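Structure first, then comments.
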Amino acid sequence: MSQSTTKTLHALSIELRQRFDEEIRDFSDGLWNYCRYLTGSPWDGEDLFQETMLKALGGLYTRWQPTNLKSYLYRTATNAWIDYCRKEKRSLGVLGEEHEPIEEFLDNLDLEEALEKLYELFTPRQTAVFLLMEIFRFKAEEVASIVKTTPGAVYATTRRMKTKLKENKHDDIKYKPKNTPQKSKVIQAYLNAFNDGDIEGMLSLISDHAHYEASLGFLEVNKDEIRDGSLAYGLPGHHAFQSLLWGKPVIVVLAELEQCPQVHDIQYQEVENGKIVYHRSFFFRKEFIVAASKELGYAPQLNKPPLNWTE
């Protein structure tokens, strides 16, 4: 394949991706939360969300009939997670039918408590049924199609899950303590170079063959690509510091705006033999940045060229 053909396909894929993002804008937040609670972890949920986006966009052409994009995305996420659990030898569960009345939750607090307990108490298919029915309000027929069961099994599963959740209502949720992340000399040097605007200092800490990824944005696979690509126009001039986010050490990049500091980016690095060999940025991930900002106690930066999430 010639270089010109590659560039043409690349440009067309970017255009298609932008159009796809516009079409799913109204329910992408809900899909991210679905992935989060389906997997029981914001980090695993983010990975599932990204996999869903790539699979859904890449597989859309296989739909012979016009498809409901919302159902298509939730189906793609559910199938991807069940496939992962199957590979991990995790029990998927059987959804049996029972014809008994379904009780409603008394208040929103019950739902909030339930979301934190789903992964611990139920199988992947049960969790998917509950989320789709009770949180995202799909019809039983739609849920049955997504998780490959019957409407009767959907109703019965939801009823049994509600009963079990009420029985476990007063059980404590096991939160992980918010410890201070361990200090890494390489990461501290990276932070110093970043905050000083020292590009060469940063590059000296990065392996020649580093994997430099901005999730659902771009990918660079060596130091030369990083130098000539994402760092070609310098650093943003923001302040970065290390923190724990949902149990994982990350670098938080704050834009010091007039009204208040706002989260510009979340980054994660892996260090091996004194060099950064893997760098992951969540700059392009709106749903993740918004949720992470809330967890960290900051506002998210919604307008940051080339992105404007306020439109």
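Following our numbering, the numbering of the sequence shown begins with 1124 at its first residue and continues without gaps.
Quick reminder that beta carbons are idealized off the backbone N, C-alpha and C, glycines included.
All values derive from a computational prediction rather than experimental measurement.
Could you check what DSSP says for residue i in three-state terms: helix, strand or coil?
| i | result |
| --- | --- |
| H1133 | helix |
| K1212 | coil |
| S1366 | strand |
| R1198 | helix |
| I1147 | coil |
| N1191 | coil |
| L1354 | coil |
| F1172 | helix |
| T1281 | helix |
CA-CA distance, residue i and residue j?
| i | j | result |
| --- | --- | --- |
| S1194 | S1151 | 12 Å |
| K1130 | N1315 | 37 Å |
| Q1249 | F1259 | 15 Å |
| G1324 | K1427 | 25 Å |
| K1301 | L1367 | At K1301 the pLDDT is 48, less than 50, meaning the model places this residue with poor confidence; the figure from the coordinates comes in the next sentence. Their backbone Cα atoms lie some 7 Å apart in a straight line. |
| Q1311 | W1166 | 23 Å |
| C1208 | S1416 | 29 Å |
| N1396 | L1328 | 11 Å |
| R1148 | D1388 | 20 Å |
| E1236 | L1183 | 36 Å |
| L1154 | L1430 | 20 Å |
| R1350 | F1143 | 30 Å |
| E1343 | Y1391 | 15 Å |
| T1273 | N1191 | 20 Å |
According to the Cβ coordinates, are residue i and residue j closer than 8 Å?
| i | j | result |
| --- | --- | --- |
| W1204 | L1171 | yes |
| V1309 | I1412 | no |
| L1254 | Y1157 | yes |
| A1363 | F1317 | yes |
| T1201 | A1276 | no |
Which partner residues of residue i appear in the DSSP bridge assignment?
| i | result |
| --- | --- |
| I1372 | According to the sequence provided, residue 1372 is Pro. The question's Ile does not apply to it. Its beta-bridge partners are L1367. |
| L1342 | E1336 |
| I1399 | I1329 and V1394 |
| Q1385 | A1378 and A1422 |
| L1430 | K1427 |
| S1404 | A1337 and Q1390 |
For the ligand NAD, I want to know if residue i counts as a neighbour, meaning its beta carbon is within less than 7 Å of at least one of the ligand's heavy atoms.
| i | result |
| --- | --- |
| T1281 | As far as ligands go, the structure on display features none, and thus does not contain the ligand NAD. |
| said: With three or more C-beta pairs closer than 8 Å as the rule, is the stretch 1273 to 1281 touching the stretch 1321 to 1337? | reply: no
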